[in-house]
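Visitor: Protein chains in written order, with this note's numbering: chain A, 1 to 352; chain B, 1001 to 1352; chain C, 2001 to 2352; chain D, 3001 to 3352.
There are 4 protein chains.
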Amino acid sequence: MAGNSFGQSFRVTTFGESHGRGVGAVIDGCPPRIPLSPEDFERDMSRRMPGRNVYTTPRKEPDKVEILSGLFEGKTTGTPIMLFIGNRDADSRPYEILRELFRPGHADYTYYRKYDHFDFRGGGRSSARETAARVAAGVIAGKVLAPLEIRVKAYTIELGGVRVEKMDPDYMEGNPLYCPDPKAFEDMEKVLSETRQKGDSVGGIVEVRAMGCPAGLGEPVFDKLDAELAKAAMSLGAVKGVEIGAGFEAARLKGSENNDPITPEGFQRNRAGGILGGISNGDDIVMRVAVKPIPSIALEQDTIDRAGNRAKLGLKGRFDVSAIPRIIPVLEAMVKIVLADHYLRSKSLGSL
Amino acid sequence: MAGNSFGQSFRVTTFGESHGRGVGAVIDGCPPRIPLSPEDFERDMSRRMPGRNVYTTPRKEPDKVEILSGLFEGKTTGTPIMLFIGNRDADSRPYEILRELFRPGHADYTYYRKYDHFDFRGGGRSSARETAARVAAGVIAGKVLAPLEIRVKAYTIELGGVRVEKMDPDYMEGNPLYCPDPKAFEDMEKVLSETRQKGDSVGGIVEVRAMGCPAGLGEPVFDKLDAELAKAAMSLGAVKGVEIGAGFEAARLKGSENNDPITPEGFQRNRAGGILGGISNGDDIVMRVAVKPIPSIALEQDTIDRAGNRAKLGLKGRFDVSAIPRIIPVLEAMVKIVLADHYLRSKSLGSL
Amino acid sequence: MAGNSFGQSFRVTTFGESHGRGVGAVIDGCPPRIPLSPEDFERDMSRRMPGRNVYTTPRKEPDKVEILSGLFEGKTTGTPIMLFIGNRDADSRPYEILRELFRPGHADYTYYRKYDHFDFRGGGRSSARETAARVAAGVIAGKVLAPLEIRVKAYTIELGGVRVEKMDPDYMEGNPLYCPDPKAFEDMEKVLSETRQKGDSVGGIVEVRAMGCPAGLGEPVFDKLDAELAKAAMSLGAVKGVEIGAGFEAARLKGSENNDPITPEGFQRNRAGGILGGISNGDDIVMRVAVKPIPSIALEQDTIDRAGNRAKLGLKGRFDVSAIPRIIPVLEAMVKIVLADHYLRSKSLGSL
Amino acid sequence: MAGNSFGQSFRVTTFGESHGRGVGAVIDGCPPRIPLSPEDFERDMSRRMPGRNVYTTPRKEPDKVEILSGLFEGKTTGTPIMLFIGNRDADSRPYEILRELFRPGHADYTYYRKYDHFDFRGGGRSSARETAARVAAGVIAGKVLAPLEIRVKAYTIELGGVRVEKMDPDYMEGNPLYCPDPKAFEDMEKVLSETRQKGDSVGGIVEVRAMGCPAGLGEPVFDKLDAELAKAAMSLGAVKGVEIGAGFEAARLKGSENNDPITPEGFQRNRAGGILGGISNGDDIVMRVAVKPIPSIALEQDTIDRAGNRAKLGLKGRFDVSAIPRIIPVLEAMVKIVLADHYLRSKSLGSL
């Protein structure tokens, strides 16, 4: 059944496969008269682009976003915006082996079991390439949010076992991992380099922060803001965990430690992560996500073929060592999509 | 905007407040000819009932589920099932103080900011009482799932800092925390007793496991099974974190450690938590959620009144020390609702 | 699959059967702080009530609306409003014959084929009794629309072959058919009386007019305002046709006759029925619906039993001769629900 | 707010404008393993193509459908199918006058009022060109329905005041109006020719029939099959009325005349139009729609400019005299989309 749309008032539907004609998104519900141009996508698309740094695969993907509908004389019209990102130079021959073998940790096996027919080239629909469409949609979400002056930032706080010890926002912007700690960044680089040499991959943790978000976003009881953020994050293939505010640490706190005292100047701390009862409280919204190690590794692994026979699989080619630098703009995009949707939803109550 | 429904094919809409006439759910999309009686709800409703054990508030709530529509001659008709759970003896006088003061850690402040008018008695709509309707809906979800013979079990693996060291499924069923480790259970009881005396509360971690789930449930790309489970769990007010399979631990693993090798007999391990690419893989589905400490505590806290003035608040009355024993049937219900919805959704593909 | 909800931003879900415990609606998405009391429903519920006049069945249905959630201190809270209308004195014994026989013109046969199990008492879920919940929901929709000062009026323009020749709005309010023409009303009464004596029933045409509706309501391209109105009307069991503005007459006009010329003072005529391209144009919205004769008649009819054997069926009891007086408040309610939903939807664009 | 999607299980989202880059559709929820090729679209796209006969504008539109996602090795994958139809040679200069003037009978005025910014070239999003995407989506819907062996046929039964008197299905296929009556066809051609010379346009009535539809399609109470068909039809800009079965004629019948007696061999007649209580009864589904005359006419009309000043507008160029030959494949497509959606929805009940 249909499952490729996200959002109610600001609705994003994505389509496309890794080695098909391209990927893209239809954005339905974007307000009219918002200035938009193809250049607006460049920054975020290039941040997501592989080959941007040493940790990511050097396969070139220009990822140029074409606006095929919904724009007139440089402004949105209020009708669906179709964004298309063509695939280029996508050589699918290296994937021929996947016609028979399932890659461990990937969706190959489950797609095969669900659909009994799937585009195995580069993972097809299950490929992280689909997230290019989300980043493009996130750019528009960001424009919808412009009146609220919200800033959304994602950054690495742990990678391959190395944790960040200090927060330097300026340093964060200047390194490919968006790591806010110079010492930790150095250690992370070492881990990445070593892991690459071993033909393995590493996971990590990314924190996303939405600053400047007004109180009142989120719809009880099922469409709570944190519930929607959790869904948004967990809908990324690499994400295995999500926490808001104190998160799993809250499980170890007392109520007197976890409750954020309220003062005339605002909350005394932010264990809640900016959300109470599913509604934003005006403080920073803070989410952390666990990113699993990239399942594509050169090391040989046990698997089976479609007939169920035992097999070995060692993937050839140059793969990302970690999903982390590239997942950062994707997470920012998903958070912006959730916030834009809830901003527009809130308007129907007259509350914003 | 509307936000009180969950599910597409099996759709649950809840309503009601803590100290209003009652709470309930409308289930739309339940297949016909499923035997159902009011007694079917008793076990789960009593598991959720406060006063069931020493850790939970002794306030009596009979929580009798009335089936007000959708049933004929003992079987579902395929039309909406309305379940109503009346509130009784709900004395709202102790809550009069909340007319002016916001309770830290609760939704009072955000509801007030969003709606500028809210039923403050016992949290109104934001009360955990709403989850009684979810448990009732979960009973019906369980019946929808009957042909698949899935078993869903939730149990405490950490509480107040005490972690479970061993898994004894039989022991689990015999104690109020559904704790699978006798030694840990003893320590948890001590923590609960001490915390209660101090007028404070504690958090913990609950694991939910769906056993016997076939491969093929879940809809890429946004309605992934893990994304929907994460939303379902995070839509509970007390939940601050969700992880699937290895979860946050996956962030510290290598790809070679995190990928589950595939063999003709099945997966060699279950770091994936039974889900790959958003689709169930036939293994146990494993989710863990972080439960924050109950925000209602007797200890005095800083807060403000509606006019923004500094105030102190120490809640009178007997509150739960932890949400955990009661959240267990609620989590099981939410998991069953997600699985029932995706089971029915899968049928439209002819895949199950 | 779920199909008992209507609307996106203002979402109405109905439940209940003719001879079960009752019928009702959950309204999700109603803005907060709207004054509401049980008395607000009385006028419309009594207009829908059978036994109100000579043409309708004298079976007593008090149709008292209980507000079971979503209200606090006399005002809506922004959370789901549950409206319940209990069934009383519903003697289902006369319907026992329907356990075996399908009534021609009713949903008995199709429900049986679809669900293989249905509540046949008075039509169960397919009964017009379900519309009581719609009327109740329509009262709340009317309150949501209050800032726009829209008036919605339905009235009979044809019944049993008698057509209205003149429009006297004052006369309309004073007769049970809401017929705007005294002479036609007299003739309609004659037809109704004669038809009743013959044990038969008659159909008719009702026109609904929404006056004072601003330009800009309606969402292209599928959720056009006229498309949603058509669905709303056709979702009533008795309705077999819907037209907007000139409607079927437009099929016989030239473009030069059907286009409404535009002037600085407004449209020169209203063949469009107040909607262009699916969006309201500021003129009166005009819809007409064809109401089929009530299928329950005393005259003997050919039918079959569940085993497929030939049978005769002549219904005993006192039935309505026409659905028309009672369908009038229902149609008004459905139009108000559509407009309220689109009013709230429009707000997310900032256009209203 | 989002309004460009149709269907729940089989969901079609369209995008695009008349003189933008193109139009298209994303189909989400299509089952996997259905053979599909670009050639499958040719027949229906050419039937919708202008310039196909003397009554329609000779502007060339190749309307080639590109399948940009969701297909692998000639079969659907169960993931979103993106269909794109590029616009070619779309000279927008003739539309420059519409930058200031509103065309009577068109959506120009309402789009301007709603969005305060719109693509006026050829009507932009409100253009009938959008229906090319619906026809393409309808081809896929037809393939989803293949197991049911349903045939959907639309044909002209009235045009410019000329009504069909006999039904010759063979003749129907051989003329551009799909008119089943040779004599009526001749008269219709005369009317079309005369109207064209006068610079005017004509409306008509199209009947659509779905043959071979099983009993059980349709979801009470709001998503009744007839309600969804009515919405589907009325969501076409040219449609002003919809009727099912006896339709408006039912308003003039007695219950004894309108009820279809049931026999062991089936219904004795089909006044119901194949639908009872919103669920298909196994008989032919019969819908008629009123098609308004094309609003674009050469005759001079009164209008206003954006500043509200009085103006005259006589459109230059060669326009269709009637929407009818081209709307026929569009109506068939919409009916197929509704049926495919309800077929998949029914599967979740296990009823089909």
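Where is the CB? At the ideal position from N, CA and C, for every residue including glycine. Treat the numbers as computed from the prediction; the structure is a model and nothing was measured.
1. Apart from the five residues on each side of it in sequence, which residues of its chain come closer than 8 Å, Cβ to Cβ, to Tyr3112(D)?
2. Using C-beta distances below 6 Å, list every residue in its chain close to Ser3092(D), excluding the 5 sequence neighbours before and after it, in chain order.
3. Please name the residue, chosen from Glu2243(C), Arg2125(C) and Arg2048(C), that lies closest to Ala2230(C) on a Cα-to-Cα basis.
4. Can you tell me whether Lys1198(B) is helix, strand or coil according to DSSP?
5. Can you tell which of Pro3038(D), Ala3323(D) and Asp3187(D) has its C-alpha closest to the C-alpha of Ala2250(C)?
6. Gly350(A) touches chain C at which residues, Cβ-Cβ below 8 Å?
7. Would you mind telling me which residues of chain C sit closer than 9 Å to Asn3004(D), beta carbon to beta carbon, in chain order?
8. Of all the options Leu1036(B), Met1045(B), Ile1327(B) and Gly1199(B), which has the alpha carbon lying nearest to the alpha carbon of Leu1313(B)?
9. Here's the rule: buried if 16 or more other CB atoms are within 10 angstroms of the residue's CB, otherwise exposed. What is Arg1288(B)?
10. Between His3106(D) and chain A, is there a C-beta pair that is closer than 8 Å?
11. Where Asn1042(B) and Val1065(B) are concerned, what is the direct C-alpha to C-alpha distance, given to the nearest angstrom?
12. Taking only three categories from DSSP, how would you classify Glu3173(D)?
13. In whole angstroms, what separates the C-alpha of Gly2160(C) from that of Ala2133(C)?
14. The alpha helix (DSSP H) that contains Pro3131(D), what's its start and end?
15. Along chain A, in chain order, which residues have C-beta atoms closer than 9 Å to that of Leu2036(C)?
16. Tell me, to the nearest whole angstrom, how far the beta carbon of Arg209(A) is from that of Ala184(A); I am working on the premise that it is less than 8 Å.
17. Can you grab the Cα-Cα spacing for the pair Glu2158(C) / Val3330(D), in whole Å?
18. Along the beta strand (DSSP E) that carries Arg3011(D), what are the first and last residues, could you check?
19. At which residues does the alpha helix (DSSP H) containing Arg2125(C) begin and terminate?
20. Measuring CA to CA, which of Ser1127(B), Ala1298(B) and Arg1310(B) is closest to Gln1197(B)?
21. What separation, rounded to the nearest whole angstrom, lies between the Cα atoms of Gly7(A) and Ile337(A)?
22. Please name the residue in Lys2075(C), Tyr2095(C) and Gly2247(C) whose C-alpha comes closest to that of Pro2035(C).
23. Nearest CA to the CA of Glu3300(D): which residue from Ser2256(C), Ala2290(C) and Gln2268(C)?
24. Which bits of chain A does Thr2079(C) rub up against, with CB to CB less than 9 Å?
25. Which bits of chain A does Val3356(D) rub up against, with CB to CB less than 7 Å?
26. Within 8 Å (strictly less), CB to CB, does Tyr1112(B) reach chain C?
27. Using the Cβ count rule (16 or more neighbours within 10 Å means buried), how would you classify Val3054(D)?
28. Using 8 Å as the threshold, is the C-beta distance between Ile1027(B) and Ile1081(B) below it?
29. Count the C-beta pairs between the stretch 1269 to 1286 of chain B and the stretch 1218 to 1233 of chain B that are closer than 8 Å, then say yes if the count reaches three, no if not.
30. Is the Cβ of Leu3068(D) closer than 8 Å to any Cβ of chain B?
31. Met2188(C): buried (16+ other C-beta within 10 angstroms of its C-beta) or exposed?
32. Please work out which residues of its chain come closer than 8 Å, Cβ to Cβ, to Pro214(A), disregarding the five sequence neighbours upstream and downstream, and give them in chain order.
33. Tell me, which residues are paired with Ala2025(C) by DSSP?
34. Report yes or no: is there a C-beta of chain C within less than 8 Å of the C-beta of Tyr1115(B)?
35. Looking at the secondary structure, which residues open and close the alpha helix (DSSP H) in which Tyr3112(D) lies?
36. Tell me which residues share the same chain as Asn87(A) and place their Cβ nearer than 6 Å to its Cβ, disregarding the 5 neighbours each side in the sequence.
Guide: According to the structure data:
1. Phe3102, Phe3118 and Arg3306
2. His3019 and Arg3121
3. Glu2243(C)
4. helix
5. Ala3323(D)
6. Pro2031 and Lys2347
7. Glu2219, Pro2220, Val2221, Phe2222 and Asp2223
8. Gly1199(B)
9. buried
10. no
11. Looking at the sequence provided, one finds Glu at residue 1042(B) rather than Asn. Each residue's Cα considered, the two are about 8 Å apart.
12. helix
13. 28 Å
14. Residue identity differs from the one stated: residue 3131(D) is Thr in this sequence, not Pro. Here the alpha helix (DSSP H) through Thr3131(D) covers Thr3131 to Val3144.
15. What Leu2036(C) touches in chain A: nothing, since even the nearest Cβ is about 16 Å away.
16. With 8 Å as the limit, Arg209(A) and Ala184(A) do not qualify as a contact, their Cβ atoms being about 17 Å apart.
17. 33 Å
18. Arg3011 to Gly3016
19. Premise fails: Arg2125(C) is in no alpha helix (DSSP H) and is neither H nor E.
20. Ala1298(B)
21. 8 Å
22. Lys2075(C)
23. Ser2256(C)
24. Pro220 and Val221
25. Because chain D here runs from 3001 to 3352, residue 3356(D) falls outside it and cannot be looked at.
26. no
27. Because Val3054(D) carries a pLDDT of 49, less than 50, the predicted location of this residue cannot be relied on, and the following value inherits that uncertainty. Label assigned to Val3054(D): exposed.
28. yes
29. yes
30. no
31. buried
32. Leu148, Ser280, Gly282 and Leu352
33. Thr2014(C) and Leu2083(C)
34. yes
35. Asp3108 to Tyr3115
36. Gly22
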